[in-house]
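K.L.:
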Amino acid sequence: MPKPFKTTVTVEGNQHEVEVTPPNGYYDQEEVAESFVPKDSVESTIRQRVERAKRDARSSLLDDEDFVQEVASKHGLQKSDGEPPDLDERLKAARQEWERQNLKPLEQRLEEKEKRERDLLRSKLQSDILAAASGKVEDPLLKSGPGGTPRIVGLLGGDFAWDPDHGHFAVVEGFDDEGNPRFKYSGNPKESGSPHMSVQEFVDQWVEDKENAHFVKRTRQSGPNLGEPGGGTGKNVVLTPEQASDHTTYAKAQEQAEKQGGHVVVQGEAPLVAGQPSE
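Structure follows, in structure tokens:
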């Protein structure tokens, strides 16, 4: 069960601290240590590294006279004044056999290692985004969409790449000619401990942007006219889980619900009203 947490709500102009039991599926900072992550920002660099390793290995072998001589000796070939007419073909076959026995297993181990690294980074990014957005964005955004990725991760995950020099995900401004990310500088590097903008700093700025107001959690006031979970005399806007996973559709539904005095409700999920957390 999710752990209760305290928050502040405004009732008739006065602020009160209340304890809220989060709904099932809610993630707090401690519960997002083991998660997932979209793959776009990492896979490009991984593929380049694998291809570069393949090219470098093959190129160095072709230029290595000792290696060529070793292959020739292994297959009973000797250097003579006149080259046999099939020498190139025999050397090529010998090289292919060596690659099959030695290079291919090495490449496979390298690819497996890169996949493990990619999966760990994906998990780390998802955890960072969920921790930074928890309690700040609407609860449906913290839940997984049809593809299994939390909606807020799908919305923001493409803005980050791993910063190996400082050991955290940072905001990407662009890429250089070799495909390496250029990171955005932090507005408060002393506090963050890094010159590059972190996930937490980015999310904090993102929720303050008025253009993202329809994604940000609001403290709703409960009163005599809010007896129903949908709120007020307006009408809720009901979305399927697939519709809710589309951020444009969700934003439009949020605006419509606010105009009607209701809430966005995802089928199978109860709407959240202050003082009435869903089970």
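One point on numbering: in our numbering, the residue at position 249 of the sequence shown is 323, and numbering is uninterrupted.
We put the CB at the ideal spot given by N, CA and C, even for glycine.
Keep in mind the model is a prediction, meaning the values are calculated, not measured.
Which one of Lys210, Ser266, Glu181, Asp233 has the shortest CA to CA distance from Leu354?
P.N.:
For residue 354 there is no data in the structure shown, the boundaries of the chain being 75 and 353.
K.L.:
Taking only three categories from DSSP, how would you classify Phe79?
P.N.:
Phe79 falls in the strand class under three-state DSSP.
K.L.:
Once DSSP output is grouped into helix, strand and coil, what is the label at Asn254?
P.N.:
Residue state, collapsed to three classes: coil.
K.L.:
Return the residue from the list Glu144, Arg190, Glu125 that minimises the CA-CA distance to Trp172.
P.N.:
That would be Glu144, whose Cα lies nearest to the Cα of Trp172.
K.L.:
Compute the distance between the beta-carbons of Val290 and Val211, then report whether it is under 8 angstroms.
P.N.:
For Val290 and Val211, yes; Cβs fall inside 8 angstroms.
K.L.:
For the beta strand (DSSP E) containing Phe276, name the first residue and the last one.
P.N.:
Premise fails: Phe276 lies in the alpha helix (DSSP H), 273–282, not in any beta strand (DSSP E).
K.L.:
To the nearest whole angstrom, what separates the beta carbons of Asp202 and Phe141, a pair I think is in contact under 8 angstroms?
P.N.:
Not a contact, Cβ separation roughly 45 angstroms.
K.L.:
Within its chain, find whatever has a CB closer than 6 angstroms to the CB of Glu302; leave out the 5 residues flanking it on each side and keep chain order.
P.N.:
Because the pLDDT at Glu302 is just 39, under 50, the model does not fix this residue reliably, and the value given afterwards should be weighed accordingly. Closer than 6 angstroms at the Cβ level, and outside the excluded window around Glu302, lies no residue.
K.L.:
Assign Leu216 to one of two classes, buried (16 or more other C-beta atoms within 10 Å of its C-beta) or exposed (fewer than that).
P.N.:
By the 10 Å Cβ count, Leu216 comes out buried.
K.L.:
Pick from Pro214, Gln274, Pro238, His270: whose alpha carbon is nearest that of Glu247?
P.N.:
Nearest of Pro214, Gln274, Pro238, His270 to Glu247, Cα basis: His270.
K.L.:
In the structure shown, what three-state DSSP assignment does Thr307 receive?
P.N.:
Confidence is the limiting factor: at Thr307 the pLDDT is only 38, short of 50, which leaves the residue's position unreliable, though a coordinate-based value still follows. Note: Thr307 maps to coil in three-state DSSP.
K.L.:
Hey, could you find the ends of the alpha helix (DSSP H) Gly228 is sitting in?
P.N.:
Looking at the DSSP string, the run of the alpha helix (DSSP H) that includes Gly228 is 225–230.
K.L.:
Quick check: the Cα distance between Asp283 and Ala127, rounded to an integer number of angstroms?
P.N.:
Roughly 43 angstroms separates the two Cα atoms.
K.L.:
So is Gly304 buried or exposed if we call it buried at 16+ other beta carbons inside 10 Å?
P.N.:
Here the model assigns Gly304 a pLDDT of 39, short of 50, so the residue's position is not dependable and the matter cannot be decided.
K.L.:
Identify the residues that DSSP records as bridge partners of Tyr324: which are they?
P.N.:
Per DSSP, none; premise fails for Tyr324.
K.L.:
I believe Ser319 touches Gly219 by the beta-carbon criterion, under 8 angstroms. Please report the beta-carbon distance rounded to the nearest angstrom.
P.N.:
Sure, about 3 angstroms apart at Cβ, within 8 angstroms.
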